[in-house]
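Numbering (the numbering used here), first residue to last: 10 to 317.
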């Protein structure tokens with residue numbers, strides 16, 4: 010009789026778990042990885058600074074867009090040349106809005122269990138919006154549906170949209186920032202070509218470099234400016250100092266976010282070109298990988314910025 014009862018309980022447990030399989034973070038069968046999938050192992054998280062340069066006076070400003078359709082984050086910083094020689098660079102600036110996966114309205118209605126110490130939603134960081142200088146990187150170059158991270162983050166957004174009490178619009182998720190950084194580390198020469206002059210400063214015709222597109226007479230007449238989001242950098246050159254300004258446009262939309270974090274990445278231009286050439290072939294015996302990164306820092310905007 011005891012054996013029959015044990016067998017019955019075992020059969021029932023199999024039936025129940027078969028109908029409602031337990032939720033788990035990983036599965037035994039992982040999607041096949043393609044060569045273009047950016048994995049966490051590709052990410053280089055360490056901040057660094059090369060003694061040949063110094064990045065100083067980092068500041069931010071928030072302003073209305075001249076077209077009235079959004080707001081712009083201006084990021085200012087100086088790049089000082091600590092040598093006497095000219096140094097060519099590639100510069101990237103990433104501005105983004107990042108939060109954890111906690112849905113506050115849901116937690117207000119259904120509080121998280123106090124006895125459960127580990128809260129996975131607080132350790133899952135979601136990129137809600139991102140803008141990159143010199144230009145945005147297409148999302149399909151960062152991830153695709155075959156990427157396990159793609160499925161993971163889309164499932165998080167799907168759950169947030171379906172939570173009890175959700176009454177707001179939740180937009181599509183962007184790839185995590187570490188994937189963008191990994192892509193930039195692989196293709197550094199796509200950044201803004203920048204020069205740090207040494208003891209010999211720039212000539213008068215080389216004092217300013219920008220991708221600003223002046224408005225046409227028609228745009229001035231109609232006040233409809235089409236190229237404001239395309240203006241992403243303005244650079245002033247001086248003797249041993251380069252003043253860099255990046256501009257990040259956030260258009261007004263239903264799921265509106267500004268920016269709360271940004272990163273600055275600077276690469277040695279000559280080494281970056283050598284690195285990309287080296288990355289396209291197998292290393293020779295005894296050859297060491299080329300490291301072109303000169304500067305990488307993360308900055309947090311910890312206070313509400315006033316709009317001017």
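Where a beta carbon is used, it is the ideal one built from N, C-alpha and C, also for glycine.
Is there at least one Cβ from chain C nearer than 8 Å to residue i's Cβ?
| i | result |
| --- | --- |
| residue 49 | Protein chain content of the structure displayed is limited to a single chain, and chain C is not contained in it. |
Given that a residue counts as buried once 16 or more other Cβ atoms are within 10 Å of its Cβ, and exposed if not, what is residue i?
| i | result |
| --- | --- |
| residue 177 | exposed |
| residue 311 | exposed |
| residue 200 | buried |
| residue 217 | exposed |
| residue 276 | buried |
| residue 56 | exposed |
| residue 313 | exposed |
| residue 10 | Only weak support is given to the placement of residue 10: the predicted model assigns it a pLDDT of 47, under 50, and the question is left unresolved by the model. |
| residue 302 | buried |
| residue 126 | exposed |
| residue 281 | buried |
| residue 253 | buried |
Classify residue i as helix, strand or coil using the three-state DSSP reduction.
| i | result |
| --- | --- |
| residue 75 | coil |
| residue 252 | strand |
| residue 117 | helix |
| residue 137 | strand |
| residue 132 | helix |
| residue 269 | coil |
| residue 87 | strand |
| residue 104 | strand |
| residue 313 | coil |
| residue 277 | strand |
Quick one, are the C-beta atoms of residue i and residue j less than 8 Å apart?
| i | j | result |
| --- | --- | --- |
| residue 279 | residue 89 | no |
| residue 189 | residue 103 | yes |
| residue 197 | residue 148 | no |
| residue 270 | residue 242 | no |
| residue 84 | residue 69 | yes |
| residue 246 | residue 274 | no |
| residue 259 | residue 142 | no |
| residue 234 | residue 120 | no |
| residue 82 | residue 240 | no |
Who are residue i's beta bridge partners in DSSP?
| i | result |
| --- | --- |
| residue 57 | 305 |
| residue 259 | 80 |
| residue 66 | DSSP, once it has assigned bridges, lists no residue as partnering residue 66. |
| residue 97 | 204 |
Next on the checklist: Extract the residue ranges of the alpha helix (DSSP H) inside the segment 159-211, only unbroken runs of 4 or more that lie entirely within it.
Outcome noted: 186-195
Item to check | Runs of beta strand (DSSP E) wholly within the segment 214-246 (minimum 3 residues, chain order) | outcome: 217-219
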